[in-house]
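These notes concern the structure reproduced below.
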Amino acid sequence: MASLQPVRGTHDLLAEDQRKHHFVIAAARQAAAHFGYAEIATPIFEFTEVFKRTLGETSDVVSKEMYSFQTKGEKEISLRPEGTAGIARAFISNGLAQTTPCKFFYQGPMFRHEAPQAGRYRQFHQIGVELLGPETALGDIEVISLGDHILKSLGLRDRTTLEINTLGDQDSRQAYRAALVQYFQGYKDQLSEDSQNRLERNPLRILDSKEESDRALVAEAPLFDDYLNSTSKDFFAQVCDALADLEIPFQRNPRLVRGLDYYCHTAFEFTTDALGSQGTVLAGGRYDGLIAMMGGPKTAGVGWAAGIERLALLADPVLAAPRPVTLIPVTSAQESLALKVVTDLRRQGFFADLGFSGNVTKRLKRAHKNGARAALILGEDELAEGKITFRDLESGEETRLPLEGLGVSLLEVCPDVKNSVS
Ligand code: ATP
Ligand code: MG
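For the working numbering, count along the sequence shown from 1 and bump the result up by 453.
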């Protein structure tokens with residue numbers, strides 16, 4: 454029945470998937486904490502206005518990909534397509550400008566209505582960081598270094614390339630923009646329809662186009678470098694020099710852009726060729742104009758976001774699941790005691806499972822299937838002695854243990870039972 458399928462582009466994260474997601478999040482969370490970034494969460498929906506203002510009405514995300522809806526008596530609302538807008542909004546709403554620098558880490562689901570394919574979904578998940586306040590290249594260096602650190606801790610850094618570029622300061626960008634408009638005007642008929650629109654509203658975004666016909670023209674377009682003033686060149690040199698000093702390898706990609714007006718100076722992406730056309734795993738840049746453009750106090754910012762699905766696909770970790778000890782009452786007469794024992798073991802920190810139904814053979818089979826490390830079988834005979842049967846599910850060996858102080862004797866006969874993982 455069609456209605457029992459998940460909505461196109463969405464996925465259930467079953468146990469193994471969810472473990473992989475958590476693996477990525479845990480690595481990122483720990484690295485972020487080491488760098489002094491505090492984890493925050495903003496709502497998964499905001500007034501549509503928040504995204505329109507930050508991403509721009511002409512961006513693909515706002516014009517085509519947003520899930521927007523009207524709620525009773527409220528303004529139009531959208532599911533967040535990315536994290537920066539909500540964090541910028543929260544920074545302003547909570548009056549955090551007094552406490553800069555603000556260093557934020559976040560993770561959670563994002564929503565974009567785009568064509569689903571491997572590594573591209575309609576509900577996907579991101580980790581990301583934002584550094585609000587610092588205007589100097591040190592900020593760019595820190596967030597890139599944090600991205601590098603996380604990819605390293607996931608064992609992925611060798612499989613990615615850090616590409617960086619500069620978009621210069623506002624003066625440089627205006628000069629470049631004018632040169633781009635002049636160049637593309639000459640080939641207007643050959644541009645895709647989208648890019649013809651971009652030519653008027655947002656010419657930098659043409660550089661980002663994935664259309665084949667646009668790409669050919671982009672390859673010959675003027676380069677940003679020729680329009681950078683000395684302030685912009687200095688800023689970029691500081692970033693590049695520091696990365697070299699920190700032994701963070703990178704490649705200059707003069708075509709790398711962020712199309713939106715408030716982006717400036719450093720733009721960067723960690724890319725891979727292992728995921729087909731979904732090659733960007735982590736992308737970011739400096740956005741000094743954003744907070745002011747939203748109506749907040751002028752505040753510089755730099756940050757990045759990375760797709761958890763793409764990181765998990767790339768890392769493809771084989772992750773251990775906990776191996777519980779399973780309580781098996783022989784008949785229903787021992788069920789309530791079994792419940793007590795299992796609760797007690799959990800309180801002592803054991804992974805403990807309850808075989809819910811069936812005879813002992815059936816429950817043992819299920820315990821094996823669930824990867825249990827051991828079974829504790831509770832029958833009338835055992836009870837008469839105040840004991841329980843311990844069965845090692847690896848060796849098949851059995852022994853009786855006193856119910857009194859069970860946790861301690863369990864660890865004696867099977868020392869790895871408490872922290873056992875597959
Ligand atoms: P792309 O060029 O792949 O569409 P983007 O420029 O739209 O990416 P950003 O907005 O910079 O992506 O998002 C940062 C990261 O989030 C991407 O590099 C990618 O890892 C991930 N991402 C973006 N969109 C999706 C999606 N629809 N499904 C899965 N991951 C995504
Ligand atoms: Mg996209």
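Backbone N, C-alpha and C define an ideal beta-carbon position, used for all residues, glycine too.
Next item on the list: Enumerate, from N- to C-terminal direction, the unbroken beta strand (DSSP E) stretches of 3 or more residues contained entirely within the region 586 to 674.
Entry: 614 to 619
Item checked: In DSSP terms, what His-718 is bridged to -> Answer by DSSP bridge pairing: none, since His-718 is not bridged.
Note to self: Spatial neighbours of Gly-811 within its chain, please: C-beta separation below 8 angstroms, excluding the five flanking residues on both sides.
What the structure shows: Excluding residues up to 5 positions away in sequence, Arg-819 lie with their Cβ nearer than 8 angstroms to the Cβ of Gly-811 in the same chain.
Item checked: For Arg-799, three-class secondary structure by DSSP -> Reduced to three states, the DSSP call for Arg-799 is helix.
Next item on the list: Compare the C-alpha of Phe-504 against each of Tyr-559, Gly-526, Glu-492, Met-563 and name the closest.
Entry: Nearest of Tyr-559, Gly-526, Glu-492, Met-563 to Phe-504, Cα basis: Met-563.
Checklist line | Cβ-heavy atom distance, Leu-735 to the ligand ATP, below 7 angstroms | finding: yes
Notebook entry, point to check: Could you give the C-beta distance for Gly-536 and Gln-579, rounded to a whole number, given that I count them as a contact under 8 angstroms?
Noted result: 6 angstroms
Checklist line | DSSP three-state assignment for Thr-733, whether helix, strand or coil | finding: strand
Note to self: Any contact between the region 579 to 591 and the region 749 to 767? By contact I mean 3 or more CB pairs, one from each, below 8 angstroms.
What the structure shows: yes
Next item on the list: For Glu-665, verify whether its CB is less than 7 angstroms away from any heavy atom of the ligand ATP.
Entry: no
Item checked: Close Cβ partners of Phe-804 (< 6 angstroms) along its chain, the five nearest in sequence each way excluded -> Pro-775, Pro-777
Checklist line | Member of Leu-807, Gln-483, Arg-799, Gln-801 whose CA lies at the smallest distance from the CA of Ser-789 | finding: Leu-807
Check: Would Pro-587 be called buried (16 or more neighbouring beta carbons within 10 Å of its own) or exposed?
Finding: buried
Item checked: Runs of beta strand (DSSP E) lying entirely within the region 745 to 828, each at least 3 residues, in chain order -> 753 to 760, 778 to 782, 805 to 807
Margin query: Suppose contacts are defined by Cβ-Cβ distances below 8 angstroms. Is Asp-678 in contact with Pro-707 by that definition?
Written below: In this structure, Asp-678 places its C-beta atom within 8 angstroms of the C-beta atom of Pro-707.
Check: To the nearest angstrom, how far is it from the Cα of Ser-546 to the Cα of Ala-745?
Finding: 13 angstroms
Next item on the list: With a cut-off of 8 angstroms on the beta carbons, I'd call Ile-841 and Glu-835 a contact; round off their distance for me.
Entry: Contact flag correct, Cβ pair sits at about 5 angstroms.
Notebook entry, point to check: Ends of the beta strand (DSSP E) at Gly-561?
Noted result: For Gly-561, the uninterrupted beta strand (DSSP E) segment begins and ends at 555 to 564.
Margin query: DSSP three-state label for His-578, please.
Written below: In this structure, His-578 counts as strand in the three-state DSSP scheme.
Checklist line | Beta carbon of Ile-530 nearer than 8 angstroms to that of Thr-501 | finding: yes
Check: Beta carbon of Gly-760: closer than 7 angstroms to some heavy atom of the ligand ATP?
Finding: yes
Margin query: Please state the DSSP three-state secondary structure of Glu-502.
Written below: helix
Next item on the list: May I ask whether a heavy atom of the ligand ATP can be found less than 7 angstroms away from the beta carbon of Gln-691?
Entry: no
Item checked: Closest residue to Lys-871 among Ala-827, Gly-839, Phe-522, Gly-832 (Cα-Cα distance) -> Sorting Ala-827, Gly-839, Phe-522, Gly-832 by C-alpha distance to the C-alpha of Lys-871 places Ala-827 at the top.
Next item on the list: Could you tell me if Leu-792 is buried or exposed, where buried requires 16 or more neighbouring beta carbons within 10 angstroms of its beta carbon?
Entry: exposed
Check: Quick one: what does DSSP say Leu-743 is sitting in, helix, strand or coil?
Finding: helix
Check: Beta-carbon separation of Gly-608 and Ala-768 under 8 angstroms?
Finding: Contact flag set, yes.
Check: Looking only at DSSP bridge pairs, what is Gln-523 linked to?
Finding: Glu-529
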